[in-house]
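Down below is the structure, laid out as structure tokens.
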Amino acid sequence: MPRWVGVSHSCARRASSEPGCGLHLLSSHTTGYRARFTTTPERNSMLAINDLTFSRDYFEKRFAELNRLPHLRRSGGERYAVCLQEPERWLALCLFLRQSGASVAPLHPSTPLEGAKRLAKRLRCTQLLFHDEAQSLALEDGARDDTGVLVQLSSGTTGTPKSIERTWAAVDAEVSSYVDALGSLGECEPLLACPVTHSYGLISGVLSSLRRGVTPVVLTNINPKYLIRRAADRTQALLYASPTLLNVLVRLLPEGANLCTVMTSGAPLRSAWFAELRRRSLRVMQQYGCSEFGCISLNLDTQAAEEVGRPLRYLEVTAGSSKTALEEIRVRAGDRFVSTKDLGYFNQRGLCFVSRVDDTINVAGINVYPGEVEEVVLDLEGVEEAVVYKRTDAYAGERVCLKFVATRTVDAAEVRRFCAQQLTPFAVPLEVHQVSEIPKLENGKVNRRQLAEAPEELQP
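Taking this note's numbering, I'd label the letters of the sequence shown as residues 9 to 468.
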């Protein structure tokens, strides 16, 4: 089995070994922990939200206020579920709790109160801070942690989301390796058009930016015109976003304008989207990861949509040897090990992601990968979205099923004829349904298992 042991990139700065900015705790027998925000002289510790900048003074005041709250003052061992609407307040609290040895479970700011309570209990939190960090709701049967952890839910694409716990030391290892891998590209201004309650925005975006001494800009205004104004024709900016959002921006770019360097993650890049994104941006970067490890690999200059780059230096990653010899991607860091349930392989440029193991469709012993079928369907005139999933078949074991959204009426026979020109007979969808909308999870991903378990529809 091909193995890639992560190594430092030769062009990388050794910023990860230098002291970064953040909270430092000072022991006090009378008041417990006191927190203050400190930076080394060469580090920039500011944060920006859209066009508003927050200085070190803001954070110092926030930390002083947090220190005075009884339910936060002695926070070691506590597990806090946090749902704050203002990202600057959330990030200040996250840094505060991290350095005090507490555990944190970030919740998306749009989560309603009852939903936040339910999630907090599922994540075994001891307290819920909802919309106001000065008010705490105590929860029964929460976990008391000997070591502070970051608690998050898995994506839920293969079933009920699972609770994932990562120690802050593990997060630090990821941040250090991530900064090392970015090298000189880490000097670009990070524009974060993604939630900072998720690993992508929080760890790869905010924490790694602070570590390397640049100001993270959190873009909560996701109006495409505003994002284009911030990200177009800039040589020293790095835009973090999802493939879907990047595709929207590319389609709305004025003629002659181009995006800055872009980073994509969270879902596979469609080939057509990737080709246009590469044509209309300074550079396309891509990262791949999982809930248990965060970022696993990073591609600094993506040449093909499935290429997700070289593993971070602290990881050992195994996968298949070629596109025709796929194997499950497995990751190890010390005594931590995870089988990702993703199929992939290594080429000369690094790791390539092909499909989820659970999504692979076995048609009479032949493996069919949904992404390959979706790419073909999306080339059909008028088709805007497509998702391929599987159902049990009495004769072939499993059959290929398709739901798609289009700007015109497309009958199933036309879809099958089009697919038959480019796919093997095993991969041509047997079930074909045109729909007005494809249901998605809160994170924008599609739950193929959920589609498969839905009642069968009549064929058109």
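Note that the Cβ used here is the ideal one computed from N, Cα and C, for glycine as well. Predicted model, so just to flag it, every value in this text is computed and none were measured.
- By the 16-neighbour rule on beta-carbons within 10 angstroms, Thr-205 is buried.
- Pairing Glu-336 with Val-365 gives a Cβ-Cβ distance under 9 Å.
- By the neighbour-count criterion, in which a residue is buried when 16 or more other Cβ atoms sit within 10 angstroms of its Cβ, Gly-358 is buried.
- For secondary structure counted as the beta strand (DSSP E) over 3 or more consecutive residues, the region 413-447 holds these complete runs in sequence order: 439-442.
- Here Gly-297 is not near Gly-328, since their CB atoms are 9 Å or more apart.
- When Phe-104, Glu-461, Glu-94, Glu-380 are compared, the shortest CA-CA separation from Gly-84 is found for Phe-104.
- In this structure, Val-408 lies away from Pro-447, with their beta-carbon atoms at least 9 Å apart.
- Counting only runs of at least 4 residues, the region 214-293 fully encloses the following alpha helix (DSSP H) elements, listed from N- to C-terminal order: 216-220, 232-239, 251-260, 279-287.
- By the Cβ criterion, the region 80-95 is in contact with the region 116-129, since at least three pairs of Cβ atoms, one from each stretch, lie closer than 8 Å.
- Collapsing the DSSP output to three states places Glu-382 in a helix.
- Around Lys-411, the same chain offers Val-395, His-441, Val-443, Ile-446, Leu-459 as residues with beta carbons nearer than 7 Å, after the five sequence neighbours per side are excluded.
- One thing to note: Glu-383 has its Cβ within 9 Å of the Cβ of Ser-279.
- By the neighbour-count criterion, in which 16 or more other beta carbons inside 10 Å mark a residue as buried, Lys-398 falls on the buried side.
- Around Ser-185, the same chain offers Leu-320, Arg-321, Tyr-322 as residues with beta carbons nearer than 6 Å, after the five sequence neighbours per side are excluded.
- Contact annotation: Ala-201 and Val-159 have beta-carbon atoms that are not nearer than 9 Å.
- Here the region 242-249 makes contact with the region 186-199; the two share three or more CB pairs at distances below 8 Å.
- In the pairwise beta carbon analysis, the region 91-110 is classified as touching the region 58-75: at least three pairs are separated by under 8 Å.
- Tyr-403: not part of any beta strand (DSSP E); DSSP gives it neither H nor E.
- C-alpha of Pro-117 to C-alpha of Ile-230: approximately 15 Å in a straight line.
- For Cys-303, the enclosing beta strand (DSSP E) starts and ends at 302-307.
- Cβ atoms of Leu-227 and Arg-238 come within 8 Å of each other, at about 7 Å.
- The three-state reading of DSSP puts Glu-122 in helix, counting H, G and I together.
- Counting of Cβ neighbours within 10 angstroms places Ile-304 among the buried residues, the total reaching 16 or more.
- In the displayed model, Pro-78 falls within a helix according to three-state DSSP.
- In this structure, Phe-361 is the residue among Arg-219, Tyr-377, Phe-361, Arg-287 with its C-alpha nearest to the C-alpha of Gly-274.
- Counting along the chain, Asp-180 sits inside the alpha helix (DSSP H) bounded by residues 176-190.
- DSSP places Pro-319 inside the beta strand (DSSP E), whose first and last residues are 315-319.
- Exclusion of the five residues before and after Phe-354 leaves Pro-10, Trp-12, Ala-327, Gly-328, Ser-329, Cys-360 as the residues of its chain whose Cβ lies within less than 8 Å of its Cβ.
- Under DSSP, the beta-bridge partners assigned to Leu-200 are Val-226, Tyr-248.
- Just measuring C-alpha positions, the residue of Tyr-234, Ala-402, His-79, Gly-302 sitting nearest Leu-215 is Gly-302.
- Per DSSP, reduced to three states, the secondary structure at Gly-373 is coil, with no helix or strand assignment.
- Taking C-beta atoms as the reference points, Arg-219 and Glu-195 fail to come closer than 9 Å.
- When secondary structure is reduced to three states using DSSP, Val-112 falls in the strand class.
- The beta-carbon distance between Pro-276 and Gly-379, rounded to whole angstroms, is 6 Å. This is short enough to meet the 8 Å contact definition.
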